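Data block below; observations after.
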RNA sequence: CGGGGCGUGGCGCAGUUUGGCUAGCGCGCAUGACUGGGGGUCAUGAGGUCGCAGGUUCAAGUCCUGUCGCCCCGACCA
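In the numbering used here, the protein residues as written are 16 to 578.
Pasting the structure below:
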């Protein structure tokens, strides 16, 4: 994006958008605005600098942590640089909404957001400042919320299709009841930050953080395993080292991860080749804050150096043991011995540590991996960029900020809310990520900075006049045209036209002009064709229109929604 | 926050180890000529507080101290 002259970096995570880049962003914003308006939402704009008190009322000044940009003004008042606007929008609604007769209503804005990212990276994909469309719906009951939610969901589908993007809708909350409280819209892309897990029939997709997996079958219960055995494993604390040392595979290991939940200790057991999924852990412990214990706590618990923790004889020393289904399905495995430089071989789940009891839970606590299934269907993986999310908030904010209304039955109730975000910059970034070749960008016509570029190749008056003529005609017909009238060689202009990714190029040269013709070439094709100068404008309009019609990339994986 | 690296014309870098004379190179830029369909050639020229502050020294881009900024890697952030 920097090479193409779309933007320049000012500081880590902040960018200046140059004319071409800003035009693209504006076109994306126009599409978003049209579709969100059409879905019935009302555009407003709220301050970027918001009073800290509002954020304290919802507790999000703490929840957001250091990502929340703050400063104190000269009066000593706390201010927040808005990363999102639930508080202020709810505060607005609290003042405006009194009666059920005013509902539903949906306020949105397209505005700069700020997040003090601990580490901005991937260029514009994770920047400190970015443009976001954020909408907030206020409803009287579940059914109304579902309609508001659905309206946004559908609008998002239209938006991404119009932007010429292939997208995937992932279930962001594992929906136990069939319906889901949140969906993410993700653009598949090898460089994406997120990993999407989806079933082979394309019916379900999740973020890896949420993707459920079927329990693995327990193989041959009858196999007799010898007694547990302690083995000396000097200085081999990691799974990899232990495997090498004992000539085992990671899948034969039982990995024991000590977690702390406030003062409580929780053991999480997963197979050596699996990864614990913190999101699933949080879910299982009922949303409590749970994290990997620090070294001191591990040493204290196991009486051993880090790397030698194991589940055997631990049940009385910890508050909970969470056993991943895959571990429960193992016949026997190798685990730490809770003794520095020792491991235990032939540890049998159920025999050498419990699989049931008050403090024990066998459940799904790991990331899905290649080969896993869900509902019997194979799980597949793709990287992606999250560009939008729709979310049912419920009454979390409306209760705390007093967004209430008087219902038809005369009782006062908090509004049911939903929030809906789209990252404008990320749409552009992912369009480029998925649309480029060695010569530069290949942009969909709906978001390219210009639809057509005119390249006069040669410096004669005739060529300049013809270029001017087509430029004027196309502009009159409402086509967005860029005329490259720089005094540089043709090759330079061609390179730049390709780099910018403008879908249609009209080249005017001496040879073809002598026959009253100009050349038209699409960015996506290598061959050009000649058309008459007199018809050039008309034919170009037709080409532009057909490109627009061909846009609909659509959704490749769409969860089968119950509603 | 931890680990590593880098700040020198607009951009990319060399020079720093071992202090020394006028701080170089490529690209870009300006002017002119030749050129003119995929980043052409030649000539001439402009442009630098060496991140900032202090110190050592006869002498600092180079050594010392502090400070600021940026990049990369990792602790995992909706």
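Where is the CB? At the ideal position from N, CA and C, for every residue including glycine.
For clarity, every value in this text was computed on a predicted model and none was experimentally measured.
Contact check, residue 183 vs residue 572 under 8 Å by CB: the rounded distance?
As a first step, residue 183 is located in the first chain; it is residue number 168 there, counting from the start. As a first step, residue 572 is located in the first chain; it is residue number 557 there, counting from the start. Residue 572 and residue 183 do touch by the CB rule: their CB atoms are close to 4 Å apart, below 8 Å.
Status (buried if at least 16 other CB within 10 Å, exposed otherwise) for residue 160:
For the purposes of this step, residue 160 is taken as residue 145 along the first chain, with counting starting at 1. Classified as buried, residue 160 has 16 or more neighbouring CB atoms from the shown chains inside 10 Å of its CB.
Cβ-Cβ separation, residue 164 to residue 56 (assumed contact under 8 Å), whole Å
Numbered from 1 along the first chain, position 41 holds the residue referred to as residue 56. Numbered from 1 along the first chain, position 149 holds the residue referred to as residue 164. The Cβ separation is near 12 Å, so there is no contact.
Nearest-angstrom Cα separation, counted from residue 75 out to residue 449:
Within the first chain, numbered from 1, the residue matching residue 449 stands at position 434. Within the first chain, numbered from 1, the residue matching residue 75 stands at position 60. The straight-line gap from Cα to Cα measures roughly 35 Å.
What runs of the alpha helix (DSSP H), each 4 residues or longer, lie entirely inside the region 224 to 274?
Fully contained in the region 224 to 274 are the following alpha helix (DSSP H) runs of length 4 or more, in chain order: 254 to 261.
Suppose only complete runs of 4+ residues qualify. What are the alpha helix (DSSP H) ranges in the region 336 to 397, listed by chain order?
Assignment of alpha helix (DSSP H) within the region 336 to 397, counting only whole runs of 4 or more residues, yields 340 to 343 in chain order.
Are the beta-carbon atoms belonging to residue 432 and residue 142 less than 8 Å from one another?
In the first chain, residue 432 corresponds to position 417, counting from 1. In the first chain, residue 142 corresponds to position 127, counting from 1. Their beta carbons are not under 8 Å apart, which means residue 432 does not touch residue 142 by this criterion.
Among the candidates 249, 309, 294, 266, whose CA atom is the shortest distance from the CA of residue 275?
Taking the first chain and counting its residues from 1, the one referred to as residue 275 is at position 260. Ranked by Cα distance from residue 275, the options 249, 309, 294, 266 are led by 309.
Please determine if the region 414 to 422 and the region 60 to 79 are in contact, where contact requires at least 3 C-beta pairs separated by less than 8 Å.
Between the region 414 to 422 and the region 60 to 79 there are three or more C-beta pairs closer than 8 Å, enough to call the two in contact.
Proximity below 8 Å, CB of residue 420 to CB of residue 112:
Looking up residue 420 in the first chain gives position 405. Looking up residue 112 in the first chain gives position 97. A distance below 8 Å separates the beta carbons of residue 420 and residue 112.
What does a CB cutoff of less than 7 Å around residue 88 pick up in its chain, not counting 5 residues either side in sequence?
Reading the first chain from its first residue, position 73 is the one you call residue 88. For residue 88, same chain residues with a beta-carbon under 7 Å away, outside a window of 5 residues either side, are 94 in chain order.
Identified DSSP bridge partners for residue 121
Here residue 121 corresponds to residue number 106 of the first chain, with the count starting at 1. Under DSSP, residue 121 shares a beta bridge with 152.
Residue 273, buried or exposed, once every other Cβ within 10 Å from all chains shown has been counted against 16
By one-based count along the first chain, residue 273 stands at place 258. When all chains shown are included, residue 273 counts as buried.
Just to confirm my understanding: we take residue 483, look at its own chain, exclude 5 residues before and 5 after, and list those with CB closer than 8 Å. What are they?
Stepping through the first chain from its first residue, residue 483 is reached at position 468. Answer for residue 483: 498, listed in chain order.
Are there 16 or more other CB atoms within 10 angstroms of the CB of residue 564, so buried, or fewer, so exposed?
Indexing the first chain from 1 puts residue 564 at position 549. With fewer than 16 other Cβ atoms inside 10 Å of its own Cβ, residue 564 counts as exposed.
Pick from 58, 77, 176, 92 that is closest to residue 65, judged by C-alpha positions:
Start at 1 with the first residue of the first chain, and residue 65 comes out as number 50. Ranking 58, 77, 176, 92 by Cα distance to residue 65 puts 92 first.
State the Cα-Cα distance for the pair residue 210 and residue 525, rounded to the nearest angstrom.
Position 195 of the first chain holds residue 210. Position 510 of the first chain holds residue 525. About 52 Å.
Could you work out which residue in 348, 59, 447, 463 is closest to residue 559 when comparing CA atoms only?
As a working note, residue 559 is residue 544 in the first chain. Shortest Cα-Cα distance from residue 559 to any of 348, 59, 447, 463 involves 463.
Same chain only: Cβ atoms within 8 Å of residue 410, ignoring 5 sequence neighbours per side
Here residue 410 corresponds to residue number 395 of the first chain, with the count starting at 1. Within the same chain, residue 410 has close Cβ partners 429, 430, 431, 432.
Would residue 243 and residue 367 qualify as a contact pair, given that the criterion is a beta-carbon distance under 8 Å?
The residue labelled residue 243 in the question sits at position 228 within the first chain. The residue labelled residue 367 in the question sits at position 352 within the first chain. Yes. Within cutoff.
Under 8 Å between the Cβ atoms of residue 446 and residue 180?
On the first chain, position 431 is the one that residue 446 refers to. On the first chain, position 165 is the one that residue 180 refers to. Yes. Within cutoff.
Is the distance from the Cβ of residue 338 to the Cβ of residue 377 below 8 Å?
Within the first chain, residue 338 is the residue found at index 323, counting from 1. Within the first chain, residue 377 is the residue found at index 362, counting from 1. Yes. Within cutoff.
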